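Protein sequence lines, in the order shown, are assigned to chains A and B. Mapping to my numbering: the first sequence position 92 is 92, numbers consecutive. Mapping to my numbering: the second sequence position 8 is 248, numbers consecutive.
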Amino acid sequence: MADKSLLIVASASDETARQLATLWKNDGARLVLPRDLSRPGWRYQPGQVESSVAAADGELIPARQISGVLTRLGSIPEDELIEIAPADREYVAREMNAFLLAWLSALRCPMLNRPGNICLSGPNWRPEQWAHAASQAGVPVVPARRHVPNENAPSPVLRFVPPVTVTVVGKKCFGSEDNFLQVSARRIACHANVELLAVTFAGSGKDARFLSANLWPNISAPDVADAVQEHLLGRSRHSP
Amino acid sequence: MILFWGLPGDSPLTAVAHVLARRRVKTAFLDQHDSLEWSVELNVGDSISGFLRNGSQSLDFAEIKSAYLRPYDTRDLAGVPSEGPGQAHALGLGEALLGWADITPAKVVNRPSAMTPNNSKPYQSMQIRALGFAVPETLVTTDPEAAREFWERHGTVIYKSVSSVRSIVSKLSSKQAARLENVKWCPTQFQEHIAGTDYRVHVVGDKVFPSEIESQADDYRYACRNGGEAKIKAARLPREVADRCRRLAAGVNLPVAGIDLRLTPTGEWYCFEVNPSPGFTYYQNATGQPIAEAIAQYLV
């Protein structure tokens, strides 16, 4: 067994997280579920993260033993805190979230993704903010349109262009061999300061335009899962 | 045009709006109570464009040069349905405005993304420390034994919420020792007690308005609940500390900030929190400091 732990912060209903925990067992993979935040043993002193302790999977894990963290939660879902009195769940979920955000932000090990200001998995941007970020990164975009109320929204007549999704894992890209899409996806991820991101484009090649981005891509495909694991264990290799 | 978004009874919004009205600056007020009467169209691509409309007004986002935002949680507002299309409308309007506020080139007090670190006090405390202020030693734990050790080490500790949920800062007393077992259910924040005098420093751009608070309460904001009182008076800060406050507010991207400091008897300045949406009128009314004027000036 590994003397290091690779943490996967996930919902109790996240089947992909469970599969990855099993797959990465020899690298010390452990699930951190929302209910684990209601287990005795967590300790964190801001400014002294190296002495912090996590309580996950029934064990206490010192921070210095954590080799990497995969975060598949944006926030702690209160409906998973079934051991907490219903009237207290919203408050407890917010407290857990605030704690986890601070602790994860302080950890120095590889992490996909590092928390944003409020979201455990990166910047919790709205579609308009992703479109703006893509544009700022020099990537052509399909404008994000928001109309409230929805029934007043005009229906744009757009030529259908098949969407293509590129998943960025560190320096690697999956989902398309199109160099323009790969470079664009990496630029957007870099602009958002994340290393795990699915970016969807309308079309491909130089005519492609940014459509949307997702901080929680499907990473169950073996090649993507391997890249995530390598990244978290600090073994990631650059694409040729 | 300057956009105001919030509730009409909100004291800071009202104070700044009065200053601008006196100066005859064009403003528009989006009353959250009227959320269902407003529609919004926001388009973001290479540029940002769109309109806010109600029956009689049409506001072009391109004409908004600055904005002062103090929205309340839409779900808590009377008049907003608790479900269905009405609630979706009100929430959608809020999402559009918050999204716009983060990317618009207009001046915004304050951008939503800059306000979110306040949702995690230990996270914000690391920002504060990185920007030059001492912060109290803190433990967040679900381990009752760790909490006891921390308490014994510091003698006097306080506890308060980890998140932005407002809590009364309280000293841990021997009466609560048995309740320490409960920390295993939820990460709980303990902090060494720092004795000294409280200061609230409002930073507006490069202007600094320090107030000194005289109170015996653990949390002066709630002093009167326990029969105590809080006396607030205008104060002066050493230049170096005032500059540190400016650097702190700028470093966390808050043009307007309420910084909570404490000066110890040995002359050390600790920072506890940076409030990204300060209710400055409480201090302005007590000290006469022209904070609303400064915010209005910043927005113009």
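Idealized CB from N, CA, C, for every residue including glycine. As the structure is a prediction and not an experimental result, all values here were calculated from the model.
In its chain, beyond the 5 residues on either side, A12 have a beta carbon closer than 6 angstroms to the beta carbon of L33/A.
Assignment of C511/B by DSSP, reduced to helix, strand and coil, places it in the strand class. Secondary-structure assignment with DSSP links N283/B through a beta bridge to R145/A and S289/B. For I434/B, the CB contacts under 7 angstroms within the same chain, skipping 5 residues up- and downstream, are P376, R502, T504 and Y510 in chain order.
In the assembly as shown, A417/B is an exposed residue. Its beta-carbon has fewer than 16 other beta-carbons within 10 Å.
Annotation for I453/B: the continuous beta strand (DSSP E) segment containing it runs K447 to E454. A residue is called buried once 16 or more other Cβ atoms fall within 10 Å of its Cβ, and Q229/A is buried on that count. In this chain, the beta strand (DSSP E) harbouring N214/A covers R209 to N214. Scanning the stretch 365-413 of chain B from its first residue to its last, the whole alpha helix (DSSP H) runs of 4-plus residues come out as 384-394. Excluding five sequence positions before and after I343/B, the CB atoms of its chain that fall closer than 8 angstroms to its own CB belong to V284 and I288, given in chain order. By the neighbour-count criterion, in which 16 or more other beta carbons inside 10 Å mark a residue as buried, F244/B falls on the buried side. Contact note: N359/B reaches chain A through R94, N97, A98, L101, N117 and I118, using a C-beta cutoff of 9 angstroms and chain order. Within chain A, R146, V148, P149 and N150 have C-beta atoms less than 8 angstroms from the C-beta of G332/B, given in sequence order.
In chain order, P352 place their CB closer than 6 angstroms to the CB of L338/B, counting only its own chain and leaving out the 5 sequence neighbours on each side.
Non-local C-beta neighbours of N493/B in its own chain, meaning closer than 7 angstroms and more than five positions away in sequence, comprise R351 and A354, ordered along the chain. For V139/A, no chain B residue has a Cβ inside 8 angstroms of its Cβ, as the nearest lies near 10 angstroms away. Residues of chain A whose Cβ lies closer than 7 angstroms to the Cβ of R388/B do not exist, since the nearest Cβ in that chain is about 12 angstroms away. With 16 or more neighbouring CB atoms inside 10 Å of its own CB, I61/A falls in the buried class. Under DSSP, G68/A takes part in a beta bridge, and its partners are L6/A.
The stretch 484-491 of chain B makes no contact with the stretch 422-429 of chain B: fewer than 3 CB pairs, one atom from each, lie closer than 8 angstroms.
Per DSSP, E335/B is not a residue of any beta strand (DSSP E); the alpha helix (DSSP H) it occupies stretches across G324 to I343.
In the three-state reduction of the DSSP assignment, S75/A falls in the coil class, being assigned neither a helical nor a strand state. With a minimum length of 4 residues, the unbroken runs of alpha helix (DSSP H) contained wholly in the stretch 155-233 of chain A fall at 179-192 and 222-232.
In the three-state reduction of the DSSP assignment, H433/B falls in the coil class, being assigned neither a helical nor a strand state.
The same chain holds no residue with a CB closer than 7 angstroms to that of E389/B once the five nearest residues on each side in sequence are set aside. Look at V443/B here: in three-state DSSP terms it is strand. Secondary structure note for P46/A: it is in no beta strand (DSSP E), with a DSSP letter that is neither H nor E. When the alpha-carbon of W42/A is set against those of R126/A, F174/A and G58/A, the nearest one is in G58/A.
The alpha carbon of V380/B has as its nearest neighbour, out of P40/A, L211/A, L120/A and T71/A, the alpha carbon of P40/A. A direct Cα-to-Cα measurement between V496/B and G519/B gives close to 11 angstroms. In terms of CA proximity to P163/A, A202/A leads the group G138/A, A202/A, G175/A and V148/A. Following the DSSP letters along the chain, one finds V53/A inside the beta strand (DSSP E) bounded by residues V53 to A56.
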